[in-house]
Amino acid sequence: MTKPVILQVGPYPDWDQEPLDAAFDVRKLFEAVDKAAFLAANGSEVRAIATRGELGADADMIAACPKCEVISVYGVGYDAVDIDAARARNIRVTNTPDVLTGDVADLGVAMMLCQSRGMIGAERWVRDGSWANNGLYPLKRRVFGRKAGILGLGRIGIEVGKRLEGFGMDIAYSDLAPRDDVPDWTFIASAQDLAAHADFFFVTLAASAKTRHIVNRDVMNAVGPEGMIINISRASNIDEEALLAALKSGDLGYAALDVFEGEPALDPRFLELNNVLLQPHHASGTVETRKAMGQLLRDNLAAHFAGNPLLTPVV
Ligand code: 8YV
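For the sequence shown, our numbering begins at 10 and goes up steadily by one.
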């Protein structure tokens with residue numbers, strides 16, 4: 010039987026690549042030097058696109074694959090897929106929710122702790138001999154018992170909140186409406202009011218055109234010179250130009266970021282700031298979670314080609 014042709018947008022670990030290659034005729038876009046020529050040569054045969062959260066599938070890619078039936082995303086965020094272009098052609102879209110929630114929440118909380126307690130600088134203090142030569146490391150700020158604000162109380166936001174409860178924090182959140190399954194957490198409708206409440210402001214919001222730059226300069230100023238913004242969602246949720254300015258001026262005290270505009274080529278001005286913790290978009294990056302994400306991506310493709318219901322469709 011001929012295997013369905015799929016377009017693979019970015020690389021996967023070997024444990025995913027091998028079963029994918031076994032089940033499908035995989036055309037690897039990421040290996041092509043001239044991507045447009047590769048799409049022109051292969052697009053007409055493609056029945057599915059396998060992509061990653063941050064890579065997505067734009068309108069040009071979808072247009073280059075006129076027989077595409079399904080786009081399977083390795084990631085919960087599908088904002089980089091042109092959903093309108095997919096819908097217009099009745100192309101189904103799947104993602105990998107749930108399996109990554111715990112790890113993303115863990116990294117967000119770890120980033121808060123690491124940045125608030127100055128752990129990167131402390132490590133350097135030991136290694137470069139400062140401890141021996143200069144004495145005690147400068148004092149940092151406490152985490153437990155302080156105030157947290159969670160912008161976007163979806164699956165990941167809830168898991169962040171549950172972890173913060175363990176630190177005895179005063180937890181507030183913002184979402185489209187109050188949730189009745191989080192009784193002790195305070196609902197604050199506006200992002201700016203939530204920011205004014207929070208010492209630690211977590212951005213855990215699914216990104217879309219509507220949420221673009223929802224964290225603007227006013228929100229940053231409300232988090233304030235003693236506060237911290239932690240972003241484990243998408244860069245587009247934050248006005249990055251305003252963030253750079255607020256961090257530089259000190260109007261915003263600290264940031265801890267796992268996502269950047271144009272990543273992995275982040276704005277070099279971030280590298281000049283010592284009040285920002287920079288992480289390489291790896292919140293879901295554990296062996297356990299990535300294996301589960303790869304499995305779910307393949308299970309969705311297999312279900313589609315077997316004529317079965319998709320496991321985790323978004324369109
Ligand atoms: C991944 C992600 O880093 O789930 C998402 O939306 O961005 C991440 O889990 C990415 O998709 C892996 O390439």
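C-beta atoms are modelled at their ideal positions from N, C-alpha and C, and glycine is treated no differently.
No experiment lies behind these values; they were computed from the predicted model shown.
What residue does the beta strand (DSSP E) around residue i start on, and which one ends it?
i           : result
residue 60  : 57-61
residue 210 : 209-212
residue 324 : Per DSSP, residue 324 belongs to no beta strand (DSSP E) and is neither H nor E.
residue 266 : 263-266
residue 51  : First-last for residue 51: 44-51, but that is the alpha helix (DSSP H), not the beta strand (DSSP E).
residue 82  : 79-83
residue 183 : 179-183
Starting from residue i, trace the alpha helix (DSSP H) in both directions and tell me its first and last residue.
i           : result
residue 288 : From DSSP, residue 288 is part of no alpha helix (DSSP H); its letter is neither H nor E.
residue 71  : 68-72
residue 92  : 92-97
residue 14  : Per DSSP, residue 14 belongs to no alpha helix (DSSP H); it is in the beta strand (DSSP E), 14-17.
residue 29  : 23-32
residue 158 : Where residue 158 is concerned, there is no enclosing alpha helix (DSSP H), although the beta strand (DSSP E) it sits in stretches over 156-160.
residue 110 : 110-125
residue 226 : 226-232
residue 333 : Residue 333 lies beyond the range of the chain shown here (10 to 324); nothing can be said about it.
residue 309 : 296-315
residue 143 : 139-143
residue 239 : Careful: residue 239 lies outside any alpha helix (DSSP H), inside the beta strand (DSSP E) at 237-240.
residue 174 : 164-174
residue 134 : 128-136
residue 202 : 200-206
residue 257 : 249-258
What is the rounded straight-line gap between the Cα of residue i and the Cα of residue j?
i           : j           : result
residue 225 : residue 236 : 15 angstroms
residue 73  : residue 58  : 11 angstroms
residue 117 : residue 30  : 34 angstroms
residue 203 : residue 40  : 44 angstroms
residue 254 : residue 19  : 33 angstroms
residue 292 : residue 25  : 19 angstroms
residue 99  : residue 52  : 17 angstroms
residue 294 : residue 22  : 11 angstroms
residue 44  : residue 71  : 13 angstroms
residue 125 : residue 176 : 13 angstroms
residue 112 : residue 266 : 15 angstroms
residue 304 : residue 316 : 18 angstroms
residue 272 : residue 61  : 13 angstroms
residue 280 : residue 186 : 37 angstroms
residue 166 : residue 38  : 34 angstroms
residue 227 : residue 301 : 39 angstroms
residue 222 : residue 230 : 14 angstroms
residue 17  : residue 142 : 53 angstroms
residue 119 : residue 10  : 48 angstroms
With a CB to CB cut of under 6 angstroms and the five nearest residues on each side skipped, what residues in its chain are close to residue i?
i           : result
residue 76  : 56
residue 147 : none
residue 214 : 160, 161, 220, 242, 246
residue 210 : 158, 204, 232, 238
residue 81  : 59, 103, 306, 309, 310
residue 234 : 259, 262
residue 173 : 157, 180
residue 140 : 134
Leaving out the 5 sequence neighbours to the left and right, which residues in its chain are closer than 8 angstroms to residue i when beta-carbon positions are compared?
i           : result
residue 212 : 160, 161, 224, 238, 239, 240, 241, 242, 246, 247
residue 181 : 156, 157, 158, 159, 194, 195, 196, 197, 203, 206, 207
residue 32  : 12, 307, 310, 311
residue 15  : 29, 33, 34, 35, 36, 55, 56, 57, 58, 59, 310
residue 170 : 157, 159, 162, 180, 182, 191, 194
residue 249 : 269, 270, 276
residue 138 : none
residue 123 : 129, 265, 286
residue 47  : 36, 38, 41
For residue i, I'd like the list of residues in its chain whose CB is within less than 7 angstroms of its CB, leaving aside the five on either flank, ordered along the chain.
i           : result
residue 256 : 264, 282, 284, 285
residue 131 : 146
residue 68  : 91, 94
residue 188 : 162
residue 318 : 312
residue 149 : 125, 126, 127
residue 278 : 253
My understanding is that residue i touches residue j, with C-beta atoms under 8 angstroms, so please give their C-beta distance in whole angstroms.
i           : j           : result
residue 298 : residue 109 : 5 angstroms
residue 200 : residue 217 : No, residue 200 and residue 217 are not in contact; Cβ-Cβ is about 15 angstroms, not under 8 angstroms.
residue 114 : residue 168 : 4 angstroms
residue 152 : residue 121 : 6 angstroms
residue 65  : residue 49  : Not confirmed; about 20 angstroms, so no contact.
residue 78  : residue 313 : 7 angstroms
residue 269 : residue 244 : 5 angstroms
residue 324 : residue 96  : 6 angstroms
residue 178 : residue 154 : 7 angstroms
Subject >> Cβ contact check for the segment 102-110 and the segment 82-89: 3 or more pairs under 8 angstroms >> reply: The segment 102-110 and the segment 82-89 touch, with no fewer than 3 CB-CB distances between them shorter than 8 angstroms.
Original post:
Hey, is the segment 304-311 in contact with the segment 285-292, meaning 3+ C-beta pairs nearer than 8 angstroms?
Top reply: Look at the beta carbons and you see the segment 304-311 not touching the segment 285-292: under three pairs across the two are nearer than 8 angstroms.
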